[in-house]
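According to the working numbering, the sequence shown is numbered sequentially starting from 51. Just so it is clear, CB atoms sit at the ideal spot from N, CA and C, and this is done for glycine as well. This report refers to the structure that appears directly beneath it.
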Amino acid sequence: MSIPQQHPEFSGLGGLCYFMQFIPQPSEILDFFNPVANQIIQLLKGKACLPAKEDSEGRGEFKQPSQLAVCQDRLIQDVIGGEDLCRNLSLSYLHPALQSRLSSSLLTALGVHRLRANEIITVTCAMARELVQHGRLKTEPDLKKLARLLVCDFRALEPEYEVDALLQSLRDVPMIPLANGSVVSLSSEGVFFPLSDVTQAQTDLQALYQDLNIVEPPGCWRVWMNGNRRRVGAARDRTPTQLEPQQVPAAAHLPAKLRSKAWEVRHASPRSFTQSALNM
């Protein structure tokens with residue numbers, strides 16, 4: 051493998067890319083020479099013959115094909131860095147030069163891993179938990195990072211057919227920051243986007259509004275919404291709900307909130323609060 055890398059007519063990985071294109075695939079070779087093609091593939095599988103994507107410091111190394119992964123979505127590669135992929139899945143990204151030059155059938159034959167939706171969700175959930183555990187959901191950049199992780203999740207789910215189990219795994223992770231400073235999961239209780247037009251919220255609705263689990267800040271969720279317009283409709287019951295001011299009194303969560311007595315702790319005048327709710 052050192053010959054194509056050191057060939058004077060090529061620079062960088064050009065020689066290796068050129069050489070790998072001539073690797074015979076078993077499906078292309080028939081009859082007598084088919085075992086030879088299989089043997090070549092098996093030899094390459096056991097050898098560190100493919101370069102991994104360089105890290106932030108420009109360092110890279112050659113690895114066995116089974117230790118490498120490819121992902122066609124550039125955004126996912128940008129958000130889930132090589133270190134995150136290695137830490138959670140023990141995989142490294144294949145160098146972009148080879149990913150763009152080699153056929154997908156050859157990469158599959160060599161055993162290069164193709165990231166699936168469940169693996170992407172596993173990594174993004176781990177990254178979200180890390181943000182929560184280190185108390186890093188306090189600044190706008192970290193909140194936008196969380197929103198970009200969710201964008202990756204829904205982009206990974208886009209080509210999938212059976213997504214209910216994967217979406218439920220997302221709902222179970224406590225990673226949704228609320229305006230009151232707490233972090234909850236979507237499966238634990240109802241979570242809402244801020245009122246679309248706060249100026250419409252009347253004075254008698256403000257007390258009810260305080261009892262809603264509102265995501266904050268809305269800016270980071272615009273990142274998520276803009277990246278998932280096609281998925282928002284299908285996932286509406288699995289994500290924070292967009293609530294209009296006039297819908298607040300009729301929201302299904304209010305009877306349970308009133309029965310729990312939790313609102314009494316936050317309101318100085320429980321009678322006026324309850325009366326305002328009953329009068330609407």
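In this structure, Gln122 keeps its C-beta atom at 9 Å or more from the C-beta atom of Ser142. Judged by pairs of C-beta atoms under 8 Å, the stretch 173-181 touches the stretch 215-224, as three or more such pairs exist.
Taking a C-beta distance under 9 Å as the contact criterion, Gln75 and Ala159 qualify as a contact pair. Three or more Cβ pairs closer than 8 Å define a contact, and the stretch 125-140 meets that threshold against the stretch 198-210. Residue pairing by DSSP places Val265 opposite Leu228 in a beta bridge. Val213 is positioned such that its CB atom lies closer than 9 Å to that of Ala167.
Of the residues Ile226, Phe69, Tyr68 and Leu144, the one whose Cα lies closest to the Cα of Arg186 is Ile226. Closest in alpha carbon position to Ala98, among Ser106, Asn84, Asp134 and Val162, is Val162. Scanning Tyr211, Leu228 and Leu165 for the CA closest to the CA of Leu193 turns up Leu228. Closest by C-alpha distance to Tyr68, out of Ala206, Leu152 and Val234, is Leu152. Take Gln89, set aside five residues on each side of it, and no residue of its chain has a beta-carbon closer than 7 Å to its own. Take the alpha-carbon of Glu104 and the one of Leu262: they are about 46 Å apart.
Rounded to whole angstroms, Glu208 and Pro101 show a C-alpha spacing of 29 Å.
With a beta-carbon spacing of about 5 Å, Val233 and Val182 fall inside the 8 Å limit used to define contacts. Membership of Ala87 in the alpha helix (DSSP H) is indicated by the continuous run Asn84 to Lys95. From the listed residues Thr189, Ala119 and Glu190, the smallest Cα separation to Glu169 is found for Ala119.
According to the DSSP assignment, Leu118 belongs to the beta strand (DSSP E) that extends over Leu118 to Val120. The secondary-structure analysis by DSSP pairs Ser237 with nothing; it has no beta-bridge partner. Inclusion of Leu156 and Ile73 in the CB contact set at 9 Å is warranted, their separation being smaller than that value.
In the structure shown, Ser153 adopts coil according to DSSP, grouped into three states.
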